[in-house]
Amino acid sequence: MQILDRKTAPSVQEINSLAITLPQKTTLSNGIPVYAIEAGSQEVIEISFYFTAGNWYQLKKLQSKMACEMIAEGTAKLTAHQIAEKIDFYGAFLQCENGYNRTSVTLFTLNKYLDNTLPIVVDVLFNATFPQQEFDVKLKNSHQSFKINSVKNDFLARMHFNEALFGKEHPFGKRLEESDYTNLSCKETFNYYKNKYTVENCTIILAGNNTTVAIEKINKLIGKRFFDGSKVNTRSRFTIKSTSENCFVERPDAIQNAIRIGKITVDNSHKDYFGLQILNTVLGGYFGSRLMTNIREDKGYTYGIGSSIVTLKGIGYFVLSTEVGSDVSSLALNEIYKEIERLTEEEIAEDELKLVQNYLLGQELRSVDGPFALSDKLSGVLLNNLGEDYFDRKVETIKNCTTANLKELAHQYLQAESMLEIVVGKK
Amino acid sequence: MITYHKFELENGLKVIVHTDKSTPLVAMNTLYDVGARDENEAQTGFAHLFEHLMFGGSINIENYDKPLQKVGGTNNAFTSNDITNYYLVVPKENIETGFWLESDRMLSLAFSEKSLEVQRNVVIEEFKQNYLNQPYGDVYMLLRPMVYKKHPYKWATIGKAIAPIENATMPDVRAFFKTHYLPSNAILCLSGNIELDEVKSLCEKWYASIPVGEKTIRDLPIEPKQTEKRELSVERDVPVNAIYFAFNMCSGKSDDYYVYDLISDILSTGKSSRFYRKLIIEQAIFSDLDAYVSGSLDPGMFIISGKLNENISMEIAETKVMEELQFLKNELIDNQELQKVKNKVESIRVFSEMSILNKAMNLCSFELLEDIDLINTLPEKYTQITAEKIQEIAANCFREENVSVLKYYKKK
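Laid out in structure tokens, this is it:
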């Protein structure tokens, strides 16, 4: 009988097939662009209506978020209650999400109830009335959430970091304050909605196993709405004004300090973007990263530490965040900078690179598993016209990346002196 | 309809296989029948600490995570009052690596001092991050001991305090492993692009030689029936007052569990729910109000938690919630509303079956409940619920003598 060798790992199979179901592109009768991701075997569908709205475009803080929240709060035909009743009755979900550069109104429904739920969503999109009472309640509740969040160290760290990174006047840097919650009127919010939630600003993405039929139904409902293809270009220019000083927000009773470190880098249209993503993975993008291995698994200073390269249409930034025991905060910071500097000075080992490559390829595989995962993955690329070969190029970069590449990128993009540091907690 | 196969090894390990070829991945879920309820009161937080230690290297394998990352896999785990659940998802070509890793740490851990020392600190940071340094973080630490006087559910999974975690020793750890991490105490599920034959041969290769060990019989104290209302008021450094109700309810094994679950949906799931419409929007008593069941194997809790609006007193808030519960007791729910919540349950189930990992976790959980067929019969448990049954359960549960109320005041 063969003795089982538990010490040797089973042989590793390379991940080769990363077949992405590319979406079909069509338009409605009037020209609204539609992308269909046909995948999966469950009889469900996700339909997302994206609008070129978002915080970038608002004239006052909270305007975009509140407009998004008010869409389903009443139309000419239906009250908020009636809308909710109908959506809930069919076991559907209606999600309105506000982002930095765009907003989305998404319907998740069983295929068998599409005829019941779709007309409600279309009504909500284009005929919302923004009733005052609903607005008042929503604003108040949002204010309440803000009060609660404002005592959380990581929330504060994020707000201060964004302000320091972008500058006080930048739409992504403007920090929310109590007064913002009394400074916004229902009318202003409604006007924002009328201005931005238009057919000209709309792109539709569907994912599920019955997309063709769904597109026909959508076309019947909005394919005749007047659309002249002219996008209202109100995309103003804002200058990023990063501060040069580190920031410490003192909270004397804290037992943990929230830390954010980062800087402006490049966005996902830049040639270095994929390489930077890989480098980021090594530093803080997975459980086995340099930061996790040192600061959590070796020192035990934290429950979690990580970093990301965030991309926001023409803007990209690197951010590292963690919450560490207040008593070890300085020690943790030292180790963090040590890890960043190591990457700029030493090439990583070949087997570490191989591990990260395989990990990332596995992640690619998971990210295309099923229609909703695909839709999450593809939406940014489709809406920003990053090209059909975007993910092919990403996979190529992962496979062909070298340790020298990574060191060069670290040297160019991750110099510790160029980073902002925000700490919220006990001194 | 989810198809599956089930078999058992000689050492007691139960194995479930669900084949789904629509994905290039396989999910491997291992459920150990051990949770916070199995701790002794002087050593709370131990089951969860142990979950962390399971990643500190096993007897033949120095590092758990790296080999998995190398084959493009991902993993995580969680602990509850009832179970400790480990899962990994990996490209199908590399499933054997999952078997190698999971079977080795079932066989034995490396038990390194360094790992214990580090994970103690990590867990303490987790304690701080989620429970001590968060507004409302200590709610369950206050609520649980109100509801449970004898049963181990009286403490939360994270533990009662940091000290026992700090003081955990290696002999404690070894003893815990020996008692609970046995093949006969585990349920393994493979779900995804894999067939029964392959699972059988991989199990034979990697798991069959793991010794049976000695299974302990669980003998937990039974919680005595609550006979009068319990109340507690506390003051904390939070911006907004909050209130929490915990009613005693049945165990997750009972058919009545599904009625309680449906009641929680009627009250607070979706924007057409009763709490949302009446108490958040129309009467503006709360900015947030949620009803949910604790979902435990032994008799659990039906919990209502709310954040009060600024000008609302605690007394009004409490009265309003009890009034809403009274409606459920006095009036039969109409067909439309009943059908609505049933439709929602069905819909959530359909969406969750898109995930091989969800299916694996559910199969293991249902097997633990000794009714693995629930993976397909669960919808019936809900569709058969009548308006009368809802009224009956509501009448029995929502009584003053059956509630603990925690009033959480912001410091003046």
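These protein sequences, in sequence, are chains A and B. Under our numbering, the first residue of the first sequence carries the number 159, and numbering increases by one thereafter. Under our numbering, the first residue of the second sequence carries the number 488, and numbering increases by one thereafter. All residues carry an ideal CB built from backbone N, CA and C; glycine is no exception.
Check residue i in the structure and name its three-state DSSP category.
i: Ser-720 (chain B); result: strand
i: Arg-524 (chain B); result: helix
i: Cys-344 (chain A); result: helix
i: Ile-582 (chain B); result: helix
i: Ser-262 (chain A); result: strand
i: Asn-256 (chain A); result: strand
i: Lys-429 (chain A); result: coil
i: Gly-538 (chain A); result: helix
i: Phe-734 (chain B); result: strand
i: Lys-876 (chain B); result: helix
i: Glu-682 (chain B); result: coil
i: Thr-267 (chain A); result: strand
i: Gln-182 (chain A); result: strand
i: Glu-613 (chain B); result: helix
i: Lys-352 (chain A); result: helix
Kindly list, in the order they appear in chain A, the residues whose Cβ is closer than 7 Å to that of residue i.
i: Gly-559 (chain B); result: Ile-173, Asn-516, Tyr-517, Leu-519, Gly-520, Leu-523
i: Lys-831 (chain B); result: Asp-246, Gly-249
Is the shortest distance between the beta-carbon of residue i and the beta-carbons of chain B less than 8 Å?
i: Val-202 (chain A); result: yes
i: Ile-456 (chain A); result: The amino acid occupying residue 456 (chain A) in the given sequence is Asp; Ile does not appear at that position. Interface residue, yes.
i: Gly-366 (chain A); result: no
i: Leu-162 (chain A); result: yes
i: Ile-473 (chain A); result: no
i: Phe-330 (chain A); result: no
i: Gln-570 (chain A); result: no
i: Phe-530 (chain A); result: yes
i: Glu-554 (chain A); result: no
i: Gln-221 (chain A); result: no
i: Val-282 (chain A); result: no
Go to residue i, then tell me how far its beta strand (DSSP E) extends in each direction, as first and last residue.
i: Ile-205 (chain A); result: 202-209
i: Asn-516 (chain B); result: 512-519
i: Pro-191 (chain A); result: 191-196
i: Asp-775 (chain B); result: 773-780
i: Val-502 (chain B); result: 501-506
i: Ser-465 (chain A); result: 460-469
Which residues in chain A have a C-beta closer than 8 Å to the C-beta of residue i? List them in chain order.
i: Phe-838 (chain B); result: Gln-200, Val-202, Phe-266
i: Asp-552 (chain B); result: Phe-445, Gly-446
i: Glu-600 (chain B); result: Near Glu-600 (chain B) there are no residues of chain A at all, since even the closest Cβ is about 13 Å away, more than 8 Å.
Please check if any C-beta of chain A sits within less than 8 Å of the C-beta of residue i.
i: Ser-509 (chain B); result: yes
i: Ser-429 (chain B); result: A question about residue 429 (chain B) goes unanswered here, because the residues of chain B that appear run from 488 up to 899.
i: Ala-584 (chain B); result: Rather than Ala, the amino acid found at residue 584 (chain B) in this sequence is Thr. At least one chain A Cβ lies under 8 Å of Thr-584 (chain B).
i: Glu-811 (chain B); result: no
i: Arg-764 (chain B); result: yes
i: Val-576 (chain B); result: yes
For the alpha helix (DSSP H) that contains residue i, what are its first and last residues?
i: Ile-852 (chain B); result: Reading the sequence as shown, one finds Ser at residue 852 (chain B) and not Ile. Run containing Ser-852 (chain B): 843-855, per the alpha helix (DSSP H) assignment.
i: Leu-893 (chain B); result: That residue, Leu-893 (chain B), is in no alpha helix (DSSP H); its beta strand (DSSP E) goes 890-897.
i: Glu-172 (chain A); result: Element bounds for Glu-172 (chain A): n/a, residue is neither H nor E.
i: Ile-245 (chain A); result: 238-247
Chain B partners of residue i, CB-CB under 9 Å?
i: Glu-481 (chain A); result: Glu-612, Lys-615, Gln-616, Asn-620
i: Thr-340 (chain A); result: The contacting residues do not exist; Thr-340 (chain A) stays about 13 Å from chain B at best.
List, in order along the chain, the chain B residues whose C-beta lies closer than 7 Å to that of residue i?
i: Ile-506 (chain A); result: Under the 7 Å cutoff, chain B gives no residues; its nearest Cβ is about 14 Å from Ile-506 (chain A).
i: Asp-527 (chain A); result: Thr-510, Leu-512
i: Pro-168 (chain A); result: Glu-583, Thr-584, Trp-587
Name the chain B residues whose beta carbon is nearer than 8 Å to that of residue i?
i: Ile-436 (chain A); result: Per Cβ cutoff of 8 Å: no residues; Ile-436 (chain A) is ~14 Å from chain B at best.
i: Asn-299 (chain A); result: Ile-767, Ser-774, Asp-775
i: Asn-311 (chain A); result: Asn-620
Is residue i near the ligand HEM, going by C-beta to nearest heavy atom under 7 Å?
i: Ala-197 (chain A); result: For the structure depicted, the ligand HEM is absent and the ligand set is empty, with no information on it obtainable.
Taking residue i as the query, report the chain A residues whose CB atoms sit under 9 Å from its CB, ordered along the chain.
i: Gln-556 (chain B); result: Tyr-444, Phe-445, Gly-446, Leu-513, Val-514, Asn-516, Tyr-517, Gly-520
i: Val-605 (chain B); result: Arg-454, Glu-455, Asp-456, Lys-457, Gly-458
i: Lys-827 (chain B); result: Glu-243, Asp-246, Phe-247, Tyr-248, Gly-249
Quiz prompt | Cβ contact check for the segment 308-321 of chain A and the segment 252-261 of chain A: 3 or more pairs under 8 Å | solution = no
Quiz prompt | Inter-stretch contact (C-beta, 8 Å, three-pair minimum) for the segment 180-197 of chain A and the segment 362-372 of chain A | solution = yes
Quiz item: Contact between the segment 285-297 of chain A and the segment 218-238 of chain A: three or more CB pairs below 8 Å?
Solution: yes
Quiz item: With a cut-off of 8 Å, do at least 3 Cβ pairs link the segment 651-662 of chain B to the segment 738-758 of chain B?
Solution: no
Exercise. Report yes or no: do three or more beta-carbon pairs, one from the segment 427-438 of chain A and one from the segment 332-339 of chain A, lie closer than 8 Å?
Key: no
Quiz item: Touching or not, the segment 733-744 of chain B and the segment 265-285 of chain A, by the rule of three or more beta carbon pairs under 8 Å?
Solution: no
Quiz item: Within the chosen definition, does the segment 597-610 of chain B reach the segment 451-469 of chain A through at least 3 CB pairs nearer than 8 Å?
Solution: yes
Quiz item: Counting Cβ pairs, one atom from each stretch, are 3 or more of them under 8 Å apart for the segment 505-524 of chain B and the segment 673-686 of chain B?
Solution: Result yes; three or more Cβ-Cβ pairs closer than 8 Å.
Quiz item: Using 8 Å as the Cβ pair cut-off and three pairs as the minimum, do the segment 586-594 of chain B and the segment 548-555 of chain A touch?
Solution: no
Quiz item: Within the chosen definition, does the segment 790-797 of chain B reach the segment 720-731 of chain B through at least 3 CB pairs nearer than 8 Å?
Solution: Output reads yes: the segment 720-731 of chain B touches the segment 790-797 of chain B.
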